[in-house]
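Protein chains: 2
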Amino acid sequence: MDRRRTEKNDETSAQGRPTLKTLAFMTGLGVTTVSRALKDAPEIGAETRRRVQLVAKQIGYRPNRAGVRLRTGKTNVISLVLNTEQEIMSFVSDIIYGVSEVIADTPYHLIVTPYSRSQDPLDPIRYLVETGSADGVIISRTQPNDARARYMLEHGIPFATHGRTDMGLVHPYHDFDNHAFAVEAVRRLASMGRRKLALLAPPVGLTYHGHTVNGFADALSEVGASEVPFSTVSIDHSIEQIRTRTAQLMRRDIRPDGFVSSAAAATLALVAGIEDAGLKLGRDVDIVSKQSSDLLHLFRPELLIVNENFRLAGSELARSVLGWIGGAAPGSLQSLSVPGEVLAYRRSTD
Amino acid sequence: MDRRRTEKNDETSAQGRPTLKTLAFMTGLGVTTVSRALKDAPEIGAETRRRVQLVAKQIGYRPNRAGVRLRTGKTNVISLVLNTEQEIMSFVSDIIYGVSEVIADTPYHLIVTPYSRSQDPLDPIRYLVETGSADGVIISRTQPNDARARYMLEHGIPFATHGRTDMGLVHPYHDFDNHAFAVEAVRRLASMGRRKLALLAPPVGLTYHGHTVNGFADALSEVGASEVPFSTVSIDHSIEQIRTRTAQLMRRDIRPDGFVSSAAAATLALVAGIEDAGLKLGRDVDIVSKQSSDLLHLFRPELLIVNENFRLAGSELARSVLGWIGGAAPGSLQSLSVPGEVLAYRRSTD
DNA sequence: TCAATATACTGAAACGTTACAGATTGCCAA
DNA sequence: TTGGCAATCTGTAACGTTTCAGTATATTGA
Chain G
1 MDRRRTEKND
11 ETSAQGRPTL
21 KTLAFMTGLG
31 VTTVSRALKD
41 APEIGAETRR
51 RVQLVAKQIG
61 YRPNRAGVRL
71 RTGKTNVISL
81 VLNTEQEIMS
91 FVSDIIYGVS
101 EVIADTPYHL
111 IVTPYSRSQD
121 PLDPIRYLVE
131 TGSADGVIIS
141 RTQPNDARAR
151 YMLEHGIPFA
161 THGRTDMGLV
171 HPYHDFDNHA
181 FAVEAVRRLA
191 SMGRRKLALL
201 APPVGLTYHG
211 HTVNGFADAL
221 SEVGASEVPF
231 STVSIDHSIE
241 QIRTRTAQLM
251 RRDIRPDGFV
261 SSAAAATLAL
271 VAGIEDAGLK
281 LGRDVDIVSK
291 QSSDLLHLFR
301 PELLIVNENF
311 RLAGSELARS
321 VLGWIGGAAP
331 GSLQSLSVPG
341 EVLAYRRSTD
Chain X
351 MDRRRTEKND
361 ETSAQGRPTL
371 KTLAFMTGLG
381 VTTVSRALKD
391 APEIGAETRR
401 RVQLVAKQIG
411 YRPNRAGVRL
421 RTGKTNVISL
431 VLNTEQEIMS
441 FVSDIIYGVS
451 EVIADTPYHL
461 IVTPYSRSQD
471 PLDPIRYLVE
481 TGSADGVIIS
491 RTQPNDARAR
501 YMLEHGIPFA
511 THGRTDMGLV
521 HPYHDFDNHA
531 FAVEAVRRLA
541 SMGRRKLALL
551 APPVGLTYHG
561 HTVNGFADAL
571 SEVGASEVPF
581 STVSIDHSIE
591 QIRTRTAQLM
601 RRDIRPDGFV
611 SSAAAATLAL
621 VAGIEDAGLK
631 LGRDVDIVSK
641 QSSDLLHLFR
651 PELLIVNENF
661 RLAGSELARS
671 VLGWIGGAAP
681 GSLQSLSVPG
691 EVLAYRRSTD
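Residue numbers (this note's numbering), protein chains in the order written: chain G, 1 to 350; chain X, 351 to 700.
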């Protein structure tokens, strides 16, 4: 059953996977020459290079990852660090697919490194750095003063953040312009005559919470509308919590006639809460909501919708990390995604 | 900048990561002894073993993955093979989290290996096997006669399928009992007086399409209801397609008064189509739908819901693969998840 | 007492790769 | 002719690990 070779040389017939040694034997060259020929090193004769590459292609040679990794330290791995308690209707799959698209034609593999909310978010990063498990890292849930970004910068490992930081440190990122989103949302609500607006914001602590809150505030004063505070819940809260808090809010004398919501799942809860309070979407209140997959319009056609493309985010993040690994300047690997227009499926005038 | 050691021995002070050599030096033992001591080999003295393990823990020794992999061929990697064009509201993140949970306390890493629908689904599998990139594989979208399962069985790589096969070959799987789901769904609809039922089924070709269709048919004859054929669309079709086909169906003279739907996103489209035709959920028609995240009840409280837990599926699949890798009999690593009861949030009698 | 055996440990080799430090050849200038 | 040099190619060592084939010491049996 276990038919191992007794000879040291495997230059005979049946082999497992071809290695450099196999190629060296087939071409009559040395292992070193083959190695260099495959990576287009300058001191290899043009014909030799072609010959080696041809044979390599023919027999389907693939470099052994472990060999490369052991020798060079290069893992050819990108790690996507994810929070395990991500909410419902998660965008995670979109990001993964976006990343996959980009690394598909590279030798890179994507590993998913999870952490639970109870853990220190720095734990998985430390693990990756200490064990040298990846050449590059992608993180999300970015904070203005992000310990993970600082740590990776200090340890010299390339990374990209989904969302910006605000520490005066420069690193690649991709972000959705949530300030612009909030501004457009408020303008839209104002244009429909809504004057008392509430914001269902991202969780406090994350950078885009600030962006969203600021955009909301800026636009409020621009259009001369007022805010009904609604900061007891964020989109990170459970469906039930958002729903009950919303219902409470809507039963007060002073209640909002318009909402800006930063996430689709939260919007479902928001609508439920509004209806629990006996009010009607499109008549008593309007909502502008972000979504990452195209289904809110099915939920309630009165919803006003702005799309955020997480697949694009994944692609951009992957491109950024690979760019940094490839030696590009981190400052040149930053991108901001501008929100599209607010989409309406049925007018609130019905 | 590049302060490499000139000495061959790194037994001096500042090092990067500790290796077996480091431990050997610190303990005064040979590298071999240290290696064996760490894995509780029998021929190591009890005290030596303890001493080595203590020191290893103290200095935070972590075996170098590349070294192990090169020497032993063990990758300590599980690959999750995913279709990149997965629909909206994807369960992918749940599966990933489920897998992560299980491998968290193991040396395993999870890599995501994507393939697009245009590709041969066998491609990623071949890649994994040929390059020896993983110790175990998890696949979904399983077919009765699944070329991937056959291929992996032939090549002796442990795997688990999400969904069963029907080839007379034995391998680990986890599946949701879709036959039971369809039966319960039909019974429920029948108990509400619905007699003409339609099925929004999984895509033809996948094993659970058959299970669902059979369960549906079995229960129909059990309760004496009739079927309104609706096989022009499956849950794999786009939201728009399902919606328009549903509307067409519901405008016919003979239209269903009950639906069984195999996916939440499809149900959204189904409801939209029904309402496009001017009919009302809970009055003209009832729907029993599967869902994997808890939000359909927010969409329409009249919906009847059965939950499918994909996180559990991920965990079970991971456990199975690890079990097989660990030498368990593949036949002992099969599990079937029984659907919970049909959940109602508001009675259709309203 | 001697040999046999068990116990505890060890060095060398190998996995596949790349970097370093040559080695060989041919050509040209002096 | 000689030396120098460019152009190609090559062997060896090393990355960190495990396995193989030992070695050394203590213990046992006769």
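Glycine residues also receive a C-beta, built at the ideal position from the N, C-alpha and C atoms.
Own chain, CB closer than 7 Å to residue i, minus 5 neighbours either side, in chain order
i	result
G380 (chain X)	A374
R669 (chain X)	V452
P121 (chain G)	Y115, R148
R545 (chain X)	A575, S576, D607
R538 (chain X)	V638, L654, V692
A190 (chain G)	V223, A225
M376 (chain X)	V405
L270 (chain G)	L200, I242, T246, F259, S261, I287
Cut-off 6 Å between Cβ atoms - residues of its own chain near residue i, not counting five sequence neighbours on either side
i	result
I409 (chain X)	P368
F526 (chain X)	E658, S687
R251 (chain G)	A277
A535 (chain X)	V610, V638
I111 (chain G)	V77, S79
G331 (chain G)	V170
I705 (chain X)	Absent from the structure is residue 705 (chain X), since the part of chain X shown begins at 351 and ends at 700.
Nearest-angstrom beta carbon gap, residue j and residue i [assumed within contact, 8 Å]
i	j	result
P464 (chain X)	T434 (chain X)	5 Å
L566 (chain X)	V610 (chain X)	For clarity, residue 566 (chain X) is Phe in the given sequence; the question names Leu instead. Confirmed, about 6 Å.
G560 (chain X)	P494 (chain X)	7 Å
I325 (chain G)	D105 (chain G)	Actually they are not in contact, since the Cβ atoms of I325 (chain G) and D105 (chain G) sit about 15 Å apart, beyond 8 Å.
S206 (chain G)	R141 (chain G)	It should be pointed out that residue 206 (chain G) corresponds to Leu in this sequence rather than to Ser. With a Cβ gap of about 6 Å, L206 (chain G) and R141 (chain G) count as contacting.
A133 (chain G)	S79 (chain G)	One point to set straight first is that residue 133 (chain G) is Ser, not Ala, in the sequence displayed. S133 (chain G) to S79 (chain G), Cβ: 7 Å. Contact.
T33 (chain G)	T48 (chain G)	7 Å
L648 (chain X)	L268 (chain G)	4 Å
A530 (chain X)	P689 (chain X)	5 Å
The beta strand (DSSP E) enclosing residue i, as first and last residue numbers
i	result
Y695 (chain X)	Where Y695 (chain X) is concerned, there is no enclosing beta strand (DSSP E), given that its DSSP letter is neither H nor E.
D525 (chain X)	523-526
V306 (chain G)	304-307
Y465 (chain X)	459-465
Q493 (chain X)	Note, Q493 (chain X): premise wrong, no beta strand (DSSP E); not H, not E.
G258 (chain G)	258-261
L336 (chain G)	334-337
L432 (chain X)	427-433
V288 (chain G)	286-291
T422 (chain X)	Looking at the DSSP string, T422 (chain X) is not in any beta strand (DSSP E); the run it does join, the alpha helix (DSSP H), is 415-422.
Continuous alpha helix (DSSP H) stretch holding residue i: start and end
i	result
G664 (chain X)	660-675
S93 (chain G)	92-103
D470 (chain X)	From DSSP, D470 (chain X) is part of no alpha helix (DSSP H); its letter is neither H nor E.
T383 (chain X)	381-388
V405 (chain X)	396-408
V213 (chain G)	207-223
H297 (chain G)	296-299
T372 (chain X)	370-377
L199 (chain G)	No alpha helix (DSSP H) contains L199 (chain G), which is instead part of the beta strand (DSSP E) from 196-200.
R265 (chain G)	The amino acid occupying residue 265 (chain G) in the given sequence is Ala; Arg does not appear at that position. Segment 264-276, the alpha helix (DSSP H) holding A265 (chain G).
Close beta carbons around residue i, own chain, < 8 Å, minus the five adjacent residues each side
i	result
V213 (chain G)	A182, L199, A201
G98 (chain G)	F310, R311, L312, A313, G314, S315, E316, L317, A318
A614 (chain X)	M439, S639, K640, Q641, S642, S643, L645, L646
E43 (chain G)	R36
Any 3 or more C-beta pairs closer than 8 Å across the region 506-524 of chain X and the region 585-594 of chain X: no
Proximal residues, the region 640-671 of chain X versus chain G, C-beta separation under 8 Å: Hits within the stretch, in order: S643, D644, L645, L648, F649.
Contact between the region 640-659 of chain X and the region 503-515 of chain X (3+ Cβ pairs under 8 Å): no
Chain-ordered residues of the region 38-51 of chain G with a beta carbon less than 8 Å from chain X: none
Three-pair Cβ contact test at 8 Å for the region 687-695 of chain X versus the region 647-655 of chain X: yes
Meets three-Cβ-pair contact criterion under 8 Å: the region 625-639 of chain X and the region 420-432 of chain X: Because the criterion of three Cβ pairs below 8 Å is not met, the region 625-639 of chain X and the region 420-432 of chain X do not touch.
Chain X contacts made by the region 243-272 of chain G, where a contact means CB separation under 7 Å: A265, L268, A269, A272
Under 7 Å (Cβ pairs) to chain G, residues found in the region 416-435 of chain X: A416, G417, R419, L420, T434
Positions along the region 169-180 of chain G whose CB lies within less than 9 Å of some CB in chain X: none
Interface residues of the region 437-453 of chain X facing chain G [CB-CB below 7 Å]: I438, M439, S440, V442, S443, I446, Y447, S450
Residues of the region 478-489 of chain X whose Cβ lies closer than 8 Å to any Cβ of chain G, in chain order: E480, T481, G482, S483
Proximal residues, the region 549-569 of chain X versus chain G, C-beta separation under 8 Å: none
Contact list for the region 105-126 of chain G against chain X, Cβ threshold 7 Å: Among the residues of the region 105-126 of chain G, those with a Cβ less than 7 Å away from any Cβ of chain X are H109, L110, I111, V112, P114, in the order of the chain.
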